[in-house]
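A.B. asks:
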Amino acid sequence: MSTTTNLQLIVVLAGLLLAGIKLHQTYAIADVNEHPDNQSIYGIDVSHWQGVINWASVANYQYKGRKIGLVFMKATEGVNTVDSRYLENSKGVSQNLDVKVKGAYHYFHPKTSATGQADHFASMLSKDPYFDKAKDWIAIDVEDPNVLGEDSPYGMTKAEYAKTIKDFLDSMKAKGYVNQMIYGGTSYWESRIGSAGADLWKGRALWKARYRDPFENEQFWTTDLPTGAPAVSVWQFSDAGKIDGISGGSVDLNLISNHFPITL
């Protein structure tokens, strides 16, 4: 290629970048790409603790001028527990809200069979006609307080804990649930799993719990992360939200990051 051609190409590329045109729009999970439109999408996560939810009212509610664009719902826990509101919540969200991100989460029990929990979670999701494997997300809620190390009530090493999480997520992936998030806080993760779980983040997104204003603490989108984790995809920034249509108490508030693995 001649020098003149090289210079022409540089000029063209510079012009495209200045115009804000993205040359590559293929995003993989855990890539840290800029999706600035995503960072105005607020959301909530709910369970039976919020009681009966009026989803039509939630659909009309605006948080800081924005309608709710993300909803995660608890579906299961362990190998036996089903959230009593999951199916009605999923129906209510699907029939009333135009969300960008919808998903179900499972509260993980570290000392119970990981594959058994995956079977239980998948069985519940298979009963939900509104859950779409192709676009909806699953999340594993990793926050059991009983795991404190080898001398804890659960007596698990970090490597053992990481393996149980991997077994659960791998089992869900084999069942076709490929859009996966891991929920948790950095301090919990580092004290109980740490570098033993670094490989768990490959192909998975981080849903981080940290109760601070995300716009006043923007550094935490990409810092103070679990070992091996990508930048934050969803930030749970409050557990004290008050939303029209939810009268059963406070609700968790979330904000989608511009590092979310796909453009929404």
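Residue numbers (mature numbering (1 follows the signal peptide of the UniProt record, and there is no 0)): -28 to -1, 1 to 236.
Heads up, the beta-carbon is just placed ideally off N, CA and C, and yes, glycines get one too.
1. To the nearest angstrom, how far is the alpha carbon of Pro202 from that of Ala134?
2. How would you label Asp104, buried or exposed, when you count the other beta carbons within 10 angstroms and need 16 or more for buried?
3. Taking C-alpha atoms, which residue in Phe232, Ser56, Thr158, Lys214 lies nearest to Gln152?
4. Could you work out which residue in Trp207, Gln89, Thr84 is closest to His78 when comparing CA atoms only?
5. Where does Met96 fall in DSSP's three states?
6. Where Arg184 and Trp207 are concerned, what is the direct C-alpha to C-alpha distance, given to the nearest angstrom?
7. Please determine, among Lys147, Lys74, Asn52, the residue with the shortest C-alpha to C-alpha distance to Ile40.
8. Considering only the alpha carbon of each residue, which of Ser143, Ala106, Ser222, Ser163 lies closest to Asp116?
9. Assuming Gln67 is part of the alpha helix (DSSP H), what are its boundary residues?
10. If you compare alpha carbons, which of His20, Asn26, Ser12, Ile13 is closest to Ile215?
11. Compute the Euclidean distance between the alpha carbons of Lys83 and His20, then round it to the nearest angstrom.
12. Would you kindly check if the distance between the Cβ of Leu227 and the Cβ of Pro186 is under 9 angstroms?
13. Check the DSSP bridge columns for Asp139 and list the partner residues they point to.
14. Taking only three categories from DSSP, how would you classify Ala168?
C.D. replies: This is what the structure gives:
1. Counting from 1 along the sequence shown, the entry for residue 202 is found at position 230. Counting from 1 along the sequence shown, the entry for residue 134 is found at position 162. About 17 angstroms.
2. Working through the sequence shown from its first residue, we reach residue 104 at position 132. It counts as exposed.
3. Position 180 of the sequence shown, counted from the start, is the residue given in the question as residue 152. Gln152 has its Cα closest to that of Phe232, out of Phe232, Ser56, Thr158, Lys214.
4. Here residue 78 is taken as the residue at index 106 of the sequence shown, counted from 1. With distances taken between Cα atoms, His78 lies closest to Gln89.
5. The residue labelled residue 96 in the question sits at position 124 within the sequence shown. The answer is helix: DSSP assigns Met96 an H, G or I state.
6. By 1-based counting over the sequence shown, the position of residue 184 is 212. By 1-based counting over the sequence shown, the position of residue 207 is 235. Distance between the alpha carbons of Arg184 and Trp207: 10 angstroms.
7. Against the sequence shown, residue 40 aligns to sequence position 68. The option with the nearest alpha carbon to Ile40 is Lys74.
8. Translated into the one-based positions of the sequence shown, residue 116 becomes position 144. Answer by Cα proximity: Ser163.
9. Taking the first residue of the sequence shown as position 1, residue 67 is located at position 95. Its alpha helix (DSSP H) spans residues 58 to 68.
10. Numbered from its first residue, the sequence shown carries residue 215 at position 243. Of His20, Asn26, Ser12, Ile13, the residue nearest in Cα terms is Asn26.
11. Start at 1 with the first residue of the sequence shown, and residue 83 comes out as number 111. Start at 1 with the first residue of the sequence shown, and residue 20 comes out as number 48. Rounded to whole angstroms, Lys83 to His20 spans 24 angstroms at the Cα level.
12. Within the sequence shown, residue 186 is the residue found at index 214, counting from 1. Within the sequence shown, residue 227 is the residue found at index 255, counting from 1. For Pro186 and Leu227, yes; Cβs fall inside 9 angstroms.
13. Along the sequence shown, read from residue 1 onward, the residue named residue 139 stands at position 167. DSSP, once it has assigned bridges, lists no residue as partnering Asp139.
14. Numbered from 1 along the sequence shown, position 196 holds the residue referred to as residue 168. Three-state result, Ala168: helix.
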